[in-house]
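Student: The structure follows.
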Amino acid sequence: MQTKIVQIHSLDSPCAQNAIKDAAEVIRRGGLVVFPTETVYGLGGDATNPLAASRIYAAKGRPSDNPLIIHVADPADTCRYAVTCPLYDRLASELMPGPLTVVLPVLPIIPSEVTASLPTVAVRCPENPIARALIREAGVPIAAPSANLSGSPSPTSGAHVIKDMDGRVDYIIDGGASDIGLESTIVKIEDDGTLLLLRPGGITVEMLTSLGCTVKIADAVTAGLKDGETVLSPGMKYKHYAPKASLILLDGDRIKRFDFLKKHMEVMKQAGKKCALLAYSEECAELSAAFADVQIFDFGSQENEEEQARLLFARLRETDAFDLDEIYAPLPGLKGMGLALYNRMIRAAAHRILHL
Ligand code: TXA
Ligand code: MG
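Position 156 of the sequence shown, counting from 1, maps to 158 under our numbering, and the rest follow consecutively.
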C-alpha cells in the first residue's frame, strides 16, 4: 500500500487545511489515517464502520479481542455513541478535551468489531488541534489504538509512526513530538458512581480525587508489586511496550542503584554482555564516568516525571538500534505521573524488578 505522508506544523496554512480534508475523506471511505494526539499517535479509522476496525487490527498486527478507543471532536458528542451520566458530564467539563478516556455502556451504532463485543465502549476527546480538526472534518468518531506495531512502544514522533506504519496505512499526519508521551488515563464509571482506574496516564489519580471522585485502582495497574518478592516472573503475556533487550528495573535509592551497577556491570562485562542504562539527567555524568563502556540514555530529570513520560517510549525505541542484552532503569514511584510511568515500565520490563 502506498502511504501518503504529510507534515503539519500549524493548522492555519492552506496546506494543512487540505491535508485535513484529504485525510478525513480517507476515513469516510473506510481507510486508515495515522494522526497525532497529545498522548501518543493514533491509528484511526471510522468507528462506525466494522471493515475499518478490521483493517486497524490487521495494520497493527493486534488480536481483535482487544477493544479500541473511539475519539470524538467534542465531549458533548459522546452521547451519540454511549450512555452518558452526570459523572461523565462532570469529568467532561473539568478534564476534556484531554488525556482521559471514559468507559461507558455502548450504543448500537458502534459495531462489535470496535468494542470486541463488550457491552461498553471507551471514549476520548483528544486536545491536540490536528486530531480534533480531523475528527470534526470526518464527521464520524475515529476508532484509534496507538499507532505502533503490536508489542512495540507507542509512537511519540512522526519518525516512529513512519517506521512502524509506512506501507500499512493510507495516510500519515506527522504533527511533531507528542506533548505527554504516554497513553491516556482510562477510567470506567461503575454503577455505584465510583471510578475504576484501568490505565494510569496524564490525568492522575490525584487530579480525579481532587474533583471529589472516588477512585479504585484496578489490580492490573500495579500487578507484580508483591510484598517480599525480589525478582518477579517475566510472564511473556504481560510484556508490552517492549524494547528488544531485556529491561530490568532497580528499586532502590541512588546509592543502592550505583552499588548494584558497580558489581553487576563487571559481571556482565566478563560474560561478554552488552548493557545500557536509562538514567535520570542528574545521574548521567556520574554514571558515564563510572561505566565508560556502557551506553547511557538520559530519560529526563528525576524531579520532572512529565519529562520522563515524554521521553520514555522514544528512549526505549532508541535502545533497539544497539545490539543490547540488558537495560537497567530506576523504578518510578507511584504518585502523580509516577503511577503511569510505573505501569508502562513494569510491562516493558516484563515485571523484572530488583528490590535492592
Ligand atoms: O492515549 C490514548 O489513549 C491513545 C491515543 C491514540 O488516543 N490510544 C490508545 O489506544 O492507547 P490503545 O488501543 O493502544 O489502548 C486502548 C486500551 C486497551 O488496553 C483496551 O483494552 C482498552 O483501552 N479498552 C478499550 N475499550 C475498552 C472497554 N470497553 N473496556 C475496557 N477497556 C477498554
Ligand atoms: Mg496501545
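Every residue gets a Cβ at the ideal spot worked out from N, C-alpha and C, and that includes glycine.
Would the beta-carbon of P147 be found less than 7 Å away from any heavy atom of the ligand MG?
Tutor: Taking the first residue of the sequence shown as 1, we reach residue 147 at position 145. Within the cutoff, so yes.
Student: So, helix, strand or coil for R57, using DSSP?
Tutor: Indexing the sequence shown from 1 puts residue 57 at position 55. Helix at R57.
Student: In chain order, what are the residue ranges of uninterrupted beta strand (DSSP E) at least 3 long that sit wholly in the stretch 119-148?
Tutor: 122-126, all fully within the stretch 119-148.
Student: Excluding five sequence neighbours on each side, which residues of the same chain lie with their C-beta closer than 7 Å to the C-beta of N51?
Tutor: Here residue 51 is taken as the residue at index 49 of the sequence shown, counted from 1. The residues are G32.
Student: Based on Cα-Cα distance, which residue from P131, A145, R57 and L109 lies nearest to R170?
Tutor: In the sequence shown, residue 170 corresponds to position 168, counting from 1. The residue with the shortest Cα to Cα distance from R170 is R57.
Student: Per the DSSP calculation, F37 is bridged to which residue(s)?
Tutor: Position 35 of the sequence shown, counted from the first residue, corresponds to residue 37. DSSP lists G44 as partners of F37.
Student: For the beta strand (DSSP E) that contains C277, what are its first and last residues?
Tutor: One-based indexing of the sequence shown puts residue 277 at position 275. Note, C277: beta strand (DSSP E), C277 to A281.
Student: Could you name the residues that DSSP lists as bridge partners for D253?
Tutor: Taking the sequence shown and counting its residues from 1, one reaches residue 253 at position 251. BP columns for D253 point to H357.
Student: For E320, collect the residues of the same chain with a Cβ closer than 7 Å to its Cβ; drop the 5 residues on either side in sequence, then sort them by chain order.
Tutor: The count along the sequence shown starts at 1 and reaches residue 320 at position 318. Excluding residues within five positions, the ones whose Cβ falls inside 7 Å are F299.
Student: Run the proximity test for V362: is its beta-carbon closer than 7 Å to any non-hydrogen atom belonging to the ligand TXA?
Tutor: One cannot answer for residue 362 here, as it falls past the ends of the chain, which runs 3 to 358.
Student: Is D229 helix, strand or coil when you go by DSSP?
Tutor: By one-based count along the sequence shown, residue 229 stands at place 227. Note that D229 scores 47 on pLDDT, short of 50, meaning its location in the model is unreliable; the coordinates nonetheless yield the value given after this. Residue state, collapsed to three classes: coil.
Student: Determine the extent of the beta strand (DSSP E) in which V8 is found, giving its start and end residues.
Tutor: Mapped onto the sequence shown, residue 8 falls at position 6. Run containing V8: K6 to Q9, per the beta strand (DSSP E) assignment.
Student: If we call anything under 8 Å between Cβ atoms a contact, is A21 one with I137?
Tutor: Working through the sequence shown from its first residue, we reach residue 21 at position 19. Working through the sequence shown from its first residue, we reach residue 137 at position 135. Not a contact, by the Cβ cut-off of 8 Å.
Student: For R170, is the beta carbon positioned less than 7 Å from some heavy atom of the ligand TXA?
Tutor: The residue labelled residue 170 in the question sits at position 168 within the sequence shown. Because no heavy atom of the ligand TXA lies under 7 Å away, the Cβ of R170 does not count as near it: no.
Student: Quick one, are the C-beta atoms of L333 and L251 less than 8 Å apart?
Tutor: In the sequence shown, residue 333 corresponds to position 331, counting from 1. In the sequence shown, residue 251 corresponds to position 249, counting from 1. In contact: L333 and L251 (Cβ atoms closer than 8 Å).
Student: Can we say the stretch 131-145 touches the stretch 204-220, given the rule of at least three CB pairs closer than 8 Å?
Tutor: No, because fewer than three Cβ pairs between the stretch 131-145 and the stretch 204-220 fall closer than 8 Å, the two stretches do not touch.
Student: Does the Cβ of E185 lie closer than 7 Å to at least one heavy atom of the ligand TXA?
Tutor: The residue given as residue 185 occupies position 183 in the sequence shown. Result yes, Cβ under 7 Å from the ligand TXA.
Student: What does a CB cutoff of less than 6 Å around Q9 pick up in its chain, not counting 5 residues either side in sequence?
Tutor: Counting from 1 along the sequence shown, the entry for residue 9 is found at position 7. Excluding residues within five positions, the ones whose Cβ falls inside 6 Å are D176.
Student: In or out: A84 buried (at least 16 other Cβ within 10 Å) or exposed?
Tutor: Position 82 of the sequence shown, counting from 1, holds the residue named residue 84. Its Cβ being crowded by 16 or more others within 10 Å, A84 is buried.
Student: Could you round the C-beta distance between A49 and I144 to whole angstroms and report it? I think they count as a contact, below 8 Å.
Tutor: Numbered from its first residue, the sequence shown carries residue 49 at position 47. Numbered from its first residue, the sequence shown carries residue 144 at position 142. Indeed, because the Cβ distance is near 6 Å, the residues count as touching under 8 Å.
Student: Would A287 be called buried (16 or more neighbouring beta carbons within 10 Å of its own) or exposed?
Tutor: To locate residue 287, count along the sequence shown from 1; it is residue 285. Label assigned to A287: exposed.
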